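Position 61 of the sequence shown, counted from 1, bears residue number 61 in the UniProt record's numbering, the numbering being contiguous throughout. Ideal placement from N, C-alpha and C gives every residue a C-beta, glycine not left out. In this text, all values refer to a predicted model and were calculated from it rather than measured experimentally. Notes to accompany the following structure.
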Amino acid sequence: MKRHCIRLADIAAIDNLMLAVWKAARGKHHRPDVIHFTQRLDYNLNKLAADILQAKAPYARYREFHIHDPKERLIHAACFEDRVLHHAIMNLAEPVFERTLVPTTYACRPGKGVHRAIAQVQANLRRYPWFVKTDISGYFPSIDHQILHDLLQRRFKGTDNRNNNTPDNRNNNIGFRLVLS
């Protein structure tokens, strides 16, 4: 399997960050954190770019709230700057992941979406007379980050900044601290 290198400079490029801001703000332009970020867009983009290059991002600030859909769930939402960083990384990593996903994966994929997923489910229901509905309690909090880190390391080259976060060891490549923290 070919490993891909995503450089911090590519993530921190202003055009990549602008696209990431647009994606992160989609449908959320009325929220105070988005308004605050976009009012000083140039300053905030330059600060975020500098923090990415210095491996100071993500900021790991989360807003915690509960939803009731249909049962109560605890949600931890990343701050807007971290969401911009997530989109900036995915702008570069998405083509790598896209080549390996099975065709029936619909969530968060360009050209797929809810309507195509519904059509596939309806076709499967006509073809198969049964289905299994599952809900794994505490699934995301229980994910072993070391296993996830190892899987990402097989796909992407770069230094592991989780343990070597010094200016001499950053090597200008994406560190998995950026992806997993």
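Check, Outcome
"Just the Cα atoms here: how many angstroms apart are residue 86 and residue 20?", "8 Å"
"Alpha carbon to alpha carbon, what distance is there between residue 25 and residue 45?", "14 Å"
"Taking 7 Å as the limit between beta carbons, can you name the residues of its chain near residue 93, skipping five residues before and five after?", "6"
"Is the beta carbon of residue 49 sitting closer than 8 Å to the one on residue 63?", "no"
"Can you give me the C-alpha to C-alpha distance between residue 98 and residue 158, rounded to a whole angstrom?", "20 Å"
"With DSSP as the reference, label residue 43 as helix, strand or coil.", "helix"
"From the DSSP output, in three-state form, read off residue 17 for me.", "helix"
"Cα separation between residue 88 and residue 147?", "23 Å"
"Compare the C-alpha of residue 155 against each of 67, 40, 96, 38 and name the closest.", "96"
"Let me know the secondary structure DSSP gives residue 7 once reduced to three states.", "strand"
"Give the secondary structure of residue 74 by DSSP, where H, G and I count as helix, E and B as strand, and everything else as coil.", "strand"
"Give the range of the alpha helix (DSSP H) segment to which residue 126 is assigned.", "113-127"
"Can you give me the Cβ contacts of residue 33 inside the same chain, cut-off strictly under 8 Å, excluding the 5 residues immediately before and after it?", "79, 80"
"Whole angstroms are fine: how far does the CA of residue 71 sit from the CA of residue 16?", "37 Å"
"Using alpha carbons as the reference points, say which of 68, 12, 104, 74 lies closest to residue 56.", "12"
"Assign residue 124 to one of two classes, buried (16 or more other C-beta atoms within 10 Å of its C-beta) or exposed (fewer than that).", "exposed"
"If you reduce the DSSP assignment to three classes, tell me which class residue 66 lands in.", "strand"
"Could you tell me the alpha carbon to alpha carbon distance between residue 2 and residue 151, rounded to whole angstroms?", "13 Å"
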